[in-house]
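Asker:
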Amino acid sequence: MSSNDERRIAIVGAGISGLLACKHAIEKGFKPVIFEARNNIGGVWSNTIHSTKLQSPKDYFQFSDFPWPESVPETFPNHNQVLDYITSYARRFDLFPLINFNSKVVGITYVSSEDTSCWSMWGGSGEPFSANGKWDVVVQDALRPTEGPKVYQVDFVILCIGKFSELPNVPQFPKSRGLNVFNGEVIHSMDYAAMDKVEAEKLVENKRVTVVGFGKSALDIAAQIAKTNGMFLACKHLIRNFSSD
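Residue numbering for the sequence shown follows my numbering, beginning at 16 and increasing consecutively.
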């Protein structure tokens, strides 16, 4: 068995979870490398609407070994302050040299000489993969999509890509209804978050807008649209169900 300092760990995603996993792996003596598809760290905090703030007090949203600086007195910091805090954490523990930016993981394969036929029937108990195997991580350079991908072989893989990473949750509609018969423009909250403040305001200004959903993104966007258009062109908000409990 190899010692920890010889064992490589591939971490997919440089959001908060990815950075924490990297720091923990270093402390345990492993050799981690982070693959981040974008050109920055922060995960969801690097791609959100400008008005976003923490929904919980910052004391409940901080690294245990890296408190918020005194320069942030706000109880609910805005997204730029949160992103600066995350960036400072990565710098403090020297994580940036271990991050491969613009590196999109497009495939992961377990490599071993043992029989793998039973893995598709694995019920979630025991060890599905032997500790003697390796993982081939296929990485595509996001800046050179026409070039062939590179393959990195590691001992472990930690996925820190988030629940809805690059996977917009769009409702399904019957063919005679929904997007096919709607003449207006339909975008996902991910597309809205990718716009800057001026572009987002221009998109919705003096238009009738309906926001579908009751998550944090929906509430933030609805509030921002209402601020742009005022009470005379109110934003409609559709919610599937609501309980007063």
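We put the CB at the ideal spot given by N, CA and C, even for glycine.
#1: Can you name the start and end residues of the beta strand (DSSP E) that Gly122 belongs to?
#2: Use the C-beta contact count for Gly230: other C-beta atoms within 10 angstroms, 16 or more gives buried, fewer gives exposed.
#3: Just to confirm, is the Cβ distance from Val27 to Ile254 under 8 Å?
#4: Would you list, in sequence order, the uninterrupted beta strand (DSSP E) runs of no fewer than 3 residues that lie entirely inside the stretch 190-237?
#5: Say the cut is 7 Å; is the CB of Tyr207 nearer than that to a heavy atom of the ligand ADP?
#6: Would you kindly check if the distance between the Cβ of Lys38 and the Cβ of Phe111 is under 8 Å?
#7: Count the other CB atoms, across all protein chains shown, that sit within 10 Å of the CB of Gln96; report buried if there are 16 or more and exposed otherwise.
#8: If we count the other Cβ atoms within 10 Å of its Cβ and call it buried at 16 or more, is Gln168 buried or exposed?
#9: Closest by CA to Ala105, which one among Ser127, Asn195, Leu35 and Asp206?
#10: Run the CB neighbour count on Met16, radius 10 Å, all protein chains shown included, and call it buried at 16 or more, exposed below.
#11: For Val219, which residues from the same chain have a beta carbon less than 7 Å from its beta carbon, with the 5 sequence-adjacent residues on both sides left out?
#12: Does the stretch 59-71 come close enough to the stretch 111-122 that 3 or more CB-CB pairs lie under 8 Å?
#13: Quick one: grab the DSSP three-state call for Ala105.
#14: Over the uninterrupted beta strand (DSSP E) stretch that includes Leu35, give me the two end residues.
#15: Relative to the alpha-carbon of Leu113, which residue among Lys68, Arg23, Val87 and Asp235 has its alpha-carbon at the smallest distance?
#16: I'd like to check one pair, Asp235 with Ile101: are the Cβ atoms closer than 8 Å?
#17: Given this structure, state the Cα-to-Cα distance separating Ala52 from Trp150, to the nearest angstrom.
#18: Please work out which residues of its chain come closer than 6 Å, Cβ to Cβ, to Ala208, disregarding the five sequence neighbours upstream and downstream, and give them in chain order.
#19: If you draw a straight line from the alpha carbon of Glu85 to that of Lys73, how long is it in whole angstroms?
#20: Is it the case that the Cβ atoms of Pro47 and Ile41 are separated by a distance below 8 Å?
#21: Just tell me which of Thr225, Asn93 and Ser79 has its CA closest to the CA of Ser71.
#22: Residue ranges of each alpha helix (DSSP H) run of no fewer than 4 residues wholly in the stretch 35-91, ordered along the chain?
#23: Classify Ile31: buried if its beta carbon has 16 or more other beta carbons within 10 angstroms, exposed otherwise.
Answerer: Let me spell this out:
#1: Counted from its first residue, the sequence shown places residue 122 at position 107. The continuous beta strand (DSSP E) containing Gly122 extends over residues Ser118 to Val126.
#2: Start at 1 with the first residue of the sequence shown, and residue 230 comes out as number 215. Under the 10 Å beta carbon count, Gly230 is surrounded by fewer than 16 other beta carbons and is classified as exposed.
#3: Taking the sequence shown and counting its residues from 1, the one referred to as residue 27 is at position 12. Taking the sequence shown and counting its residues from 1, the one referred to as residue 254 is at position 239. For the 8 Å CB-CB criterion, Val27 and Ile254 do not form a contact.
#4: Listed in chain order, they are 225-227.
#5: You won't find the ligand ADP in this model; it holds no ligand whatsoever.
#6: As a position in the sequence shown, residue 111 is number 96, starting the count at 1. As a position in the sequence shown, residue 38 is number 23, starting the count at 1. Contact flag unset, no.
#7: Locating residue 96 in the sequence shown gives position 81, counting from the first residue. Gln96 counts as buried, since no fewer than 16 other beta carbons sit within 10 angstroms of its beta carbon.
#8: By one-based count along the sequence shown, residue 168 stands at place 153. With fewer than 16 other Cβ atoms from the protein chains shown falling within 10 Å of its own Cβ, Gln168 counts as exposed.
#9: Here residue 105 corresponds to residue number 90 of the sequence shown, with the count starting at 1. Of all alpha-carbon atoms in Ser127, Asn195, Leu35 and Asp206, the one lying nearest the alpha-carbon of Ala105 is that of Leu35.
#10: Position 1 of the sequence shown, counting from 1, holds the residue named residue 16. Since pLDDT at Met16 reaches only 47, below the 50 mark, its modelled position is unreliable, and the value read off the structure follows with that caveat. By the 10 Å Cβ count, Met16 comes out exposed.
#11: Residue 219 sits at position 204 when you count from the first residue of the sequence shown. Excluding positions up to five away in sequence, the list reads Ile240, Thr243 and Asn244.
#12: Touching, no.
#13: To locate residue 105, count along the sequence shown from 1; it is residue 90. In this structure, Ala105 counts as helix in the three-state DSSP scheme.
#14: Along the sequence shown, read from residue 1 onward, the residue named residue 35 stands at position 20. No beta strand (DSSP E) contains Leu35, which is instead part of the alpha helix (DSSP H) from Ile31 to Glu42.
#15: Here residue 113 refers to the residue found at position 98 of the sequence shown. It is Arg23 whose Cα lies nearest to the Cα of Leu113.
#16: The count along the sequence shown starts at 1 and reaches residue 101 at position 86. The count along the sequence shown starts at 1 and reaches residue 235 at position 220. No, the Cβ-Cβ distance between Ile101 and Asp235 is not below 8 Å.
#17: As a working mapping, residue 52 is identified with position 37 in the sequence shown. As a working mapping, residue 150 is identified with position 135 in the sequence shown. CA-to-CA, the gap between Ala52 and Trp150 works out to about 19 Å.
#18: The sequence position of residue 208 within the sequence shown is 193, counting from 1. Asn62, Thr63 and Ile64, listed in sequence order.
#19: By one-based count along the sequence shown, residue 85 stands at place 70. By one-based count along the sequence shown, residue 73 stands at place 58. Answer to the nearest angstrom: the Cα atoms are 12 Å apart.
#20: If you number the sequence shown from 1, residue 47 lands on position 32. If you number the sequence shown from 1, residue 41 lands on position 26. In contact: Pro47 and Ile41 (Cβ atoms closer than 8 Å).
#21: Translated into positions along the sequence shown, residue 71 becomes position 56. Taking Ser71 as reference, the option from Thr225, Asn93 and Ser79 with the minimal CA-CA separation is Asn93.
#22: Counting only runs of 4 or more, we get nothing.
#23: Working through the sequence shown from its first residue, we reach residue 31 at position 16. So Ile31 counts as buried.
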